[in-house]
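Here the structure comes first, spelled out in structure tokens, and everything after it is commentary.
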Ligand SMILES: Nc1ncnc2c1ncn2[C@@H]1O[C@H](COP(=O)(O)OP(=O)(O)O)[C@@H](O)[C@H]1O
Ligand SMILES: [Mg+2]
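Right under this line is the structure:
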């Protein structure tokens with residue numbers, strides 16, 4: 151079985167105007183890993199989470215969750231699978 155990361159962020163770039171909020175961010179989170187996502191106010195944490203949850207699109211780079219590109223997430227990913 152392949153051991154793909156649960157979350158994979160590659161060269162993620164997002165700017166609001168001229169100022170980059172994310173400047174080619176890279177990280178990955180493996181299954182079972184406890185990952186601390188820390189940074190001072192304005193570091194880009196919320197921007198990253200919004201991209202990972204499909205609420206915002208990046209300018210370039212990629213973000214995948216369970217192998218799916220977050221740019222392709224539809225509203226139904228928020229629905230309860232048992233409902
Ligand atoms: N909608 C927006 N419009 C303009 N600038 C934004 C917007 N959202 C975030 N920013 C800017 O992007 C940078 C990162 O913000 P943010 O992701 O909220 O950081 P954090 O969550 O780590 O505090 C900051 O400089 C912030 O001012
Ligand atoms: Mg925030």
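Residue numbers (the working numbering): 151 to 233. Cβ coordinates follow ideal geometry from the N, Cα and C atoms, glycine included. Bear in mind that the values here come from a model prediction, so they are computed numbers and not experimental data.
Separation of residue j from residue i, as counted between CA atoms
i, j, result
"residue 169", "residue 197", "13 Å"
"residue 193", "residue 230", "31 Å"
"residue 215", "residue 202", "7 Å"
"residue 209", "residue 166", "10 Å"
"residue 206", "residue 224", "12 Å"
"residue 178", "residue 195", "14 Å"
"residue 188", "residue 171", "15 Å"
Residue i: CB within 7 Å of a non-hydrogen atom of ligand 1
i, result
"residue 166", "yes"
"residue 217", "no"
"residue 191", "yes"
"residue 213", "no"
beta-carbon residue i near ligand 2 non-hydrogen atom, thresh 7 Å
i, result
"residue 184", "no"
For residue i, the residue or residues it bridges with in DSSP
i, result
"residue 163", "173 and 210"
"residue 158", "178 and 214"
Problem - Chain-ordered list of residues that sit, by beta carbon, closer than 6 Å to a heavy atom of ligand 2 - result: Taken from the N-terminal end onward, the list reads 195 and 196.
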